[in-house]
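Below is one structure, written out as structure tokens; comments come after it.
Chains as they are written, first to last, in the numbering used here: chain C, 121 to 586; chain P, 121 to 586.
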């Protein structure tokens, strides 16, 4: 009997899984029946911009934490698919830090080319998953959000690709319940335009804080203050951006910091991270982990230690993204196709422990990138996913970090070389800091004449502000 | 064997159900085993203020649509419990329109007195409910949000008291995806303080729009614009508040109305209502209805036509609230105790159709209040819940409407007489429009001397603004 596989989510991970099976099919292998459940109306996961916040049009939690003005905060050369390059998609070199719409177009391009849309049930949410030990089958209960109709269906394998940057972690702060200004989690942030002339506080010191703060600066915030718990990001901030330690309490619109300082704010954005949250899974199947590069209980980072037929894609904290999801998806595919086997529980545990030992010894960001590169290499070596120069990507990450350190406001104007094609990225026609149109149309348009001069010097028009 | 009853939600409806069983127990009747699942840390439902919006601290949709400055928008004399009066709770007359904290205190007072907290599992969300036709039992799967632990348990009856003002209805508007100002649904509104000097647009013409708009005015908004679909609210608005027809589109921060007018706004609040949304129920058990005073498929407004052991409390649009939930809860209790019976499916349908016929003939607000009064009377006549003067409450509702019509900014300074105790409400020490402290402490404090003079004339300090 044909096996049945459920994929939960059609974001970059779910699409990687669809494409992995498609690739096997094109090479003549027989593939199982696949159903991918996607609660949004379109695929792309985080890369689907949704103007709504909190709850979506179907009454479900909004999936995406995307904002209008998001541009990639890492070089595209580090996330490129090894089997579908930017050159293939765009037909010409583009810059290294494209805006959201351009990355969505790239993901969508591969997906459309692969003829896998037929497997996706859009606007369909997974309500509950049960596993029956006697039959070794999963019962997946879903709701068609357009009709309200519930359906239950059995599957041999379940692949969780719903991501872990969708359910905000929202800690409490003394007095925050009466903060009179605008207050939101980064998950609900949709654009910084209205923060012009505002005093903005970002609680957090990771990527959300960094980028939303810099966006706010770009859009003319009067001041941007970061509040960190463990340590500051430590960039060479321009005048108007500052890092302070943790909030002790709020009184009205004033925040008091642990170093005794206080400031009044118009807007507070909690950049306090996200939860691994799988409301459709019973506790013995739901991954419970902090956000890190090696979540415990996942063999080879994907197979649930509690159930050999349950897999997680992209559950790691991510340096590598799209190509890591691919490496995972190809590996999961080959397990399901019976071409790879999962070792005994004790051997799984041994493998996990070995990786965790190395994980726990990580000291620097570079260690962590190398760790993730090695993790991906280990997976790719097992399948026919095209191997790529992971050491060179690691060097690209290090160059990125250096460029950011040099200037957090201009690092997105830098370009890198693709390890997939050798193509050098093209400098974008407009420096990021002065580009206020984030659309695909604008991005692929010919360079506006007046901007070319700016670009020549690579100095941005707003640098006088700093 | 003892029957088992699951109550979903410990808001005013769930507490009413707990109290109904408690009352039977105190009168010597044997009651079933009761488990009430409440996803929040405390009871009170909507009346629990949560500073978070969108997603709560457990990763679940925030239940309450409450804002800091909410005061009852209807007279408390219309919602008073017939078996636990305001006089009993406060020991002295209070005003007719108390702030949130005071109403929460009242609900909590009855609940605490009833010794029913032991039945409530707080911070526990219902994930999935299944009904087994062969055993006539419900399987209720829950998650302890503090531990992540999933549990499954069987029940003879399920009572849904999760409410229908929690999942926002968020329609689309052309161009809204790039509106650069603050944008939220009323569900996520927590306070109007920051709307001072802002141009505020409220889309909608029902209670959320009315009250949030008036709150914005109270807090000093530069302008308040309502946009209606069917018709304007038509109050005698002060200068600074205005009603315009439906939005045609947004372009940047400018809204274009269907009458050709356009305005620029800082803030848009979608007061576009809520969905009946029961993500824990399969489609054959989930109520699917618009928000109205007689949802189809509920016999006597509570018994699911599809399942005699499934009940909904408070599923109606509400003029009456707390005392209606009581009437329903007492009725459901007596069905479960076997003291009342549910007629055959065809008789249920006949009854529903008869009510629907009358419902469809409703023409005025007064008709609708009378309809709901009759509905409640019909229920109370079947149980030992104390009957009260529903005609007099209807007259109170009509007086309220007249007072609002007279002055939407001062109607909350009016007082009414309790139909339960005959007590005349006490005028509050401070007119609503000039009261900026909504706390319980402030409310029950002695009248500040300087405010008594204001009160004497019943003119508010800000009336010069109008």
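The beta-carbon is built from N, C-alpha and C at its ideal position, and this holds for glycine as well.
A quick note: this is a predicted structure, and the numbers were derived from the prediction, not measured.
How close, in whole Å, do the beta carbons of residue 82 of chain P and residue 311 of chain P come, if the pair is a contact with beta carbons under 8 Å?
Residue 82 of chain P lies beyond the residue range present for chain P, which begins at 121 and ends at 586; the question has no answer from this structure.
Per DSSP, residue 371 of chain P is paired with what?
Answer is P:374, bridged to residue 371 of chain P.
Bounding residues of the beta strand (DSSP E) (the contiguous stretch that carries residue 321 of chain P)
For residue 321 of chain P, the enclosing beta strand (DSSP E) begins and ends at 319 to 323.
CB contact flag (residue 566 of chain P, residue 505 of chain P, <7 Å):
Not a contact, by the Cβ cut-off of 7 Å.
Residue 552 of chain C CB to nearest chain P CB: under 7 Å?
Not closer than 7 Å to any Cβ of chain P, the Cβ of residue 552 of chain C fails to qualify, so no.
Short Cβ contact (7 Å threshold) for residue 287 of chain P with residue 395 of chain P:
Contact: yes.
Alpha carbons only, please: which of P:234, P:191, P:204, P:228 is nearest the one belonging to residue 216 of chain P?
That would be P:191, whose Cα lies nearest to the Cα of residue 216 of chain P.
Does residue 138 of chain C come out as helix, strand or coil in the three-state DSSP assignment?
DSSP places residue 138 of chain C in helix when its eight states are reduced to three.
Sequence-distant residues of its chain with Cβ nearer than 8 Å to residue 256 of chain P (five each side left out)
Here the set comprises 276, 429.
What residue does the alpha helix (DSSP H) around residue 359 of chain P start on, and which one ends it?
Note, residue 359 of chain P: premise wrong, no alpha helix (DSSP H); not H, not E.
For residue 206 of chain P, the first and last residue of its enclosing alpha helix (DSSP H):
206 to 210 is the extent of the alpha helix (DSSP H) around residue 206 of chain P.
Backbone CA spacing between residue 326 of chain C and residue 486 of chain C [nearest angstrom]
Counting only the Cα atoms, residue 486 of chain C lies some 16 Å from residue 326 of chain C.
Going by alpha carbons, who is nearest to residue 151 of chain C out of C:140, C:384, C:304?
Comparing Cα-Cα distances from residue 151 of chain C to each of C:140, C:384, C:304, the minimum goes to C:140.
Flag residue 260 of chain P as yes if its beta-carbon sits less than 7 Å from any beta-carbon of chain C, otherwise no.
Against chain C, the CB of residue 260 of chain P has no partner CB under 7 Å away; the residue lies outside that interface.
Opposite residue 499 of chain P in the DSSP bridges: which residues?
DSSP lists no partner for residue 499 of chain P.
Helix, strand or coil at residue 232 of chain P according to DSSP, with G and I counted as helix:
Helix.
With H, G and I counted as helix, E and B as strand and the rest as coil, what does DSSP make of residue 239 of chain C?
In this structure, residue 239 of chain C counts as helix in the three-state DSSP scheme.
Quick one: does residue 407 of chain P have its CB under 7 Å from some CB of chain C?
No - not a single Cβ of chain C is within 7 Å of the one on residue 407 of chain P.
Say whether the stretch 433 to 445 of chain C touches the stretch 455 to 466 of chain C, bearing in mind that this needs 3 or more beta-carbon pairs closer than 8 Å, one atom from each stretch.
Under the Cβ criterion (8 Å, minimum of three pairs), the stretch 433 to 445 of chain C does not count as touching the stretch 455 to 466 of chain C.
By the criterion of Cβ-Cβ separation under 8 Å, what are the contact partners of residue 269 of chain C in chain P?
Ordered by position in chain P, the residues that pass the 8 Å Cβ test against residue 269 of chain C are 403.
Leaving out five residues on either side along the sequence, give the residues of the same chain with a beta carbon under 6 Å from the beta carbon of residue 134 of chain P.
Result list for residue 134 of chain P: 127, 156, 281, in chain order.
Taking Cβ-Cβ distances shorter than 8 Å, what residues in chain C pair up with residue 360 of chain P?
What residue 360 of chain P touches in chain C, judged by beta-carbon distance under 8 Å, is nothing: the nearest beta carbon there is about 20 Å away.
At what residues does the beta strand (DSSP E) containing residue 95 of chain P begin and finish?
This structure cannot settle anything about residue 95 of chain P, because the visible part of chain P is limited to 121 through 586.
Cβ closer than 7 Å: which chain P residues qualify as neighbours of residue 410 of chain C?
None at all; the shortest Cβ gap to chain P is about 13 Å.
Spatially closest choice to residue 345 of chain P from P:322, P:469, P:233, by CA coordinates:
Its Cα nearest to that of residue 345 of chain P, the residue P:322 stands out among P:322, P:469, P:233.
Going by alpha carbons, who is nearest to residue 517 of chain C out of C:203, C:369, C:493?
Between residue 517 of chain C and the set C:203, C:369, C:493, the nearest pair of CA atoms involves C:493.
The beta strand (DSSP E) enclosing residue 248 of chain C, as first and last residue numbers:
Unbroken beta strand (DSSP E) run through residue 248 of chain C: 244 to 252.
If we define contact as Cβ-Cβ less than 7 Å, is residue 150 of chain C a contact residue for chain P?
Interface flag for residue 150 of chain C against chain P is unset, since no Cβ pair is found closer than 7 Å.
Closest Cα partner of residue 536 of chain P within the set P:176, P:159, P:218, P:145:
Ranking P:176, P:159, P:218, P:145 by CA distance to the CA of residue 536 of chain P puts P:218 first.
Determine the contact status of residue 136 of chain P and residue 445 of chain P, defining contact as a CB-CB distance below 7 Å.
Cβ distance < 7 Å, so residue 136 of chain P and residue 445 of chain P count as in contact.
Which residues of the stretch 307 to 321 of chain P have a Cβ closer than 8 Å to any Cβ of chain C? Give them in chain order.
Taking a C-beta cut-off of 8 Å against chain C, the contacting residues of the stretch 307 to 321 of chain P are 307, 308, 310, 311, 313, 314, listed in chain order.
Is any beta-carbon of chain P found at less than 7 Å from that of residue 287 of chain C?
Contact of residue 287 of chain C with chain P is assigned, a C-beta pair being separated by under 7 Å.
Supposed contact pair residue 543 of chain P and residue 207 of chain P - C-beta distance, whole angstroms, cut 8 Å:
In this structure, residue 207 of chain P and residue 543 of chain P form a Cβ contact; the two beta carbons are roughly 5 Å apart against a cut-off of 8 Å.
For a quick check, are the C-beta atoms of residue 261 of chain C and residue 241 of chain C less than 7 Å apart?
Inclusion of residue 261 of chain C and residue 241 of chain C in the CB contact set at 7 Å is not warranted, their separation being larger than that value.
At the level of alpha carbons, what is the spacing between residue 304 of chain C and residue 258 of chain P?
Their Cα atoms are separated by approximately 38 Å.
Closest Cα partner of residue 211 of chain C within the set C:549, C:292, C:416, C:541
Of the candidates C:549, C:292, C:416, C:541, the one whose C-alpha sits nearest the C-alpha of residue 211 of chain C is C:541.
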